[in-house]
Amino acid sequence: MSLKTQLLSAQCSTDLTQAAELLKAGEQVAVPTETVYGLAADASNPDAVAGIFTAKGRPANHPLIVHLGDVASITEWAMQIPDEAYKLANAFWPGPMTLLLPRAEHVSPVVTGGLDTIGLRVPAQPVLLDLLTTHQLAVAAPSANPYKKLSPTTAEQVMHGLGGKIAAVIDGGPCQHGLESTIVDLTKRPFRVLRAGPITASELSAVLGETVDAPEQHDTVVPGNVGSHYQPNTRLQMVAADLSDLPAPQPEKRAALLHFGEAPTRDDLVCIAMPDDAARYGQALYHQLAQADQLGVDEIWLAQPPHGEAWLAVHDRLRRAVS
Ligand code: TXA
Ligand code: MG
């Protein structure tokens, strides 16, 4: 089935009212968040949420994050909420942190992929936050990409992947962080980060006054946290940061190179300079991979980013993106 996907403007109040009406009517609407664009549906309407899985081609047992307008609403979606949840929420919400808590009894298994836990976050993107509070909505929203593909950080990228499959996209400009939220499991001790993101385990630990674990390599602990993910269509390969192992030119072959510093002079390469600080690199990563993917090159080569805590989220996504 093909829909005409409307492009709505975050600057236009009638467009936003329309987005709210579509959501309340059970439609799927892509929304800007400060991390990546999300594909939203009314979290209290299981049929609407089921439509997210259809549009994305996502397996039904992969849980979704529910986005709320304020901290107080967590009691409607979760239970047995520890004090630490409020400490973290007060420090980092609205913001790019998802808290995993035991789900409230009424929550549909469609939302949680049948799990007894639920991921909750209050997003910082002002237009989305306003939509949630003004219309008293809670929306389930995974990243607005077809299953396993790159997460979109612009409305144009959402259209490219899901145009014709969803009712509308709200264009709120490029996302601030460009990588998905940090997911923190508060359902068992020690607390731990299940997915690295813009907020580091050290920042979480500092607020709680206790260590939050951050496994370097994330195991597939939940459905949805899979090994191959975030993939461009073009084969992606890592090369050394100093480009010392760059493959030699081959006849009739072109590659895109995402590099640091000065670009090498080679006719067979389309060179894309990447920022050298972790936050700006994270913001640019999916966007530049998507751009490179649309060049029609044979391969994408990406210079190995630096290591260290600030780069954990970048390395986590890259591990899954390489072919
Ligand atoms: O920044 C973000 O978190 C973005 C924006 C749209 O908010 N959302 C996002 O959603 O990245 P998604 O569905 O692409 O990734 C959410 C992941 C799931 O794949 C799963 O690994 C984990 O969050 N998750 C969600 N609910 C969970 C639960 N109840 N238990 C364990 N993991 C869960
Ligand atoms: Mg995703």
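Position one of the sequence shown corresponds to residue 19 (this note's numbering), numbered consecutively onward. Here a beta-carbon is modelled for each residue, glycine too, at the ideal position from N, C-alpha and C.
Rounded separation between residue i and residue j - CA only
i: threonine 151; j: glycine 87; result: 5 angstroms
i: glutamate 270; j: threonine 23; result: 38 angstroms
i: phenylalanine 209; j: methionine 115; result: 14 angstroms
i: valine 202; j: serine 20; result: 37 angstroms
i: aspartate 294; j: phenylalanine 278; result: 7 angstroms
i: alanine 28; j: glycine 182; result: 20 angstroms
i: leucine 25; j: glycine 190; result: 11 angstroms
i: threonine 205; j: aspartate 286; result: 51 angstroms
i: threonine 35; j: alanine 142; result: 19 angstroms
i: glycine 137; j: leucine 119; result: 7 angstroms
i: histidine 85; j: threonine 200; result: 14 angstroms
i: methionine 97; j: aspartate 316; result: 50 angstroms
i: alanine 159; j: tyrosine 165; result: 13 angstroms
i: proline 282; j: tyrosine 104; result: 50 angstroms
i: arginine 284; j: glutamine 322; result: 19 angstroms
i: serine 223; j: proline 170; result: 30 angstroms
i: threonine 252; j: leucine 313; result: 10 angstroms
Closer than 7 angstroms: residue i CB and nearest the ligand TXA heavy atom
i: glutamate 2; result: A question about residue 2 goes unanswered here, because the residues of the chain that appear run from 19 up to 341.
i: histidine 85; result: yes
i: arginine 139; result: yes
i: leucine 212; result: yes
i: leucine 133; result: yes
i: leucine 149; result: no
i: histidine 305; result: no
i: serine 82; result: With the sequence shown as reference, residue 82 is identified as leucine, and serine is not the correct amino acid for it. Yes - the ligand TXA has a heavy atom lying nearer than 7 angstroms to the Cβ of leucine 82.
i: isoleucine 99; result: no
i: leucine 118; result: yes
i: glycine 300; result: no
beta-carbon residue i near the ligand MG non-hydrogen atom, thresh 7 angstroms
i: proline 127; result: no
i: serine 169; result: yes
i: serine 161; result: yes
i: glutamate 52; result: no
i: glutamate 317; result: no
i: glutamate 327; result: no
i: glutamate 270; result: no
i: glutamate 198; result: yes
6 angstroms Cβ shell around residue i - same chain, five flanking residues per side excluded
i: leucine 330; result: Ala214
i: glutamate 45; result: Ala185
i: threonine 218; result: Glu327
i: alanine 296; result: Ala328, Trp329
i: valine 128; result: Pro64, Val67, Ala68
Counterpart residues of residue i in DSSP-defined beta bridges
i: cysteine 289; result: Leu275
i: isoleucine 188; result: Leu26
i: alanine 58; result: Val47
i: isoleucine 201; result: Thr116, Arg213
i: leucine 320; result: Met256, Leu276
i: threonine 135; result: Pro120
i: serine 161; result: Gly56
i: aspartate 231; result: Arg210
Contact set for residue i: own chain, Cβ-Cβ below 7 angstroms, skip 5 residues either direction
i: valine 340; result: Leu254, Gln255, Met256
i: lysine 167; result: Gly179, Gln249
i: phenylalanine 71; result: Ala78
i: alanine 109; result: Val225
i: threonine 229; result: Pro208, Ser223
Nonlocal neighbours in the same chain, by C-beta distance under 8 angstroms from residue i, ignoring five residues either side
i: serine 246; result: Lys166, Arg338
Task: At least three beta-carbon pairs within less than 8 angstroms, the segment 75-91 to the segment 132-146 - done: Verdict: yes, contact present.
TODO: Taking 8 angstroms as the threshold, find out whether the segment 188-206 comes into contact with the segment 109-123 through three or more Cβ pairs.
DONE: Output reads yes: the segment 109-123 touches the segment 188-206.
TODO: Would you be able to state if there are at least three C-beta pairs under 8 angstroms between the segment 48-56 and the segment 146-161?
DONE: Verdict: yes, contact present.
Open item on the list: Does the contact criterion of 3 or more C-beta pairs under 8 angstroms hold for the segment 296-309 versus the segment 168-175?
Closed with: yes
Open item on the list: Counting beta carbon pairs with one atom in the segment 54-63 and one in the segment 155-163, are three or more of them shorter than 8 angstroms?
Closed with: yes
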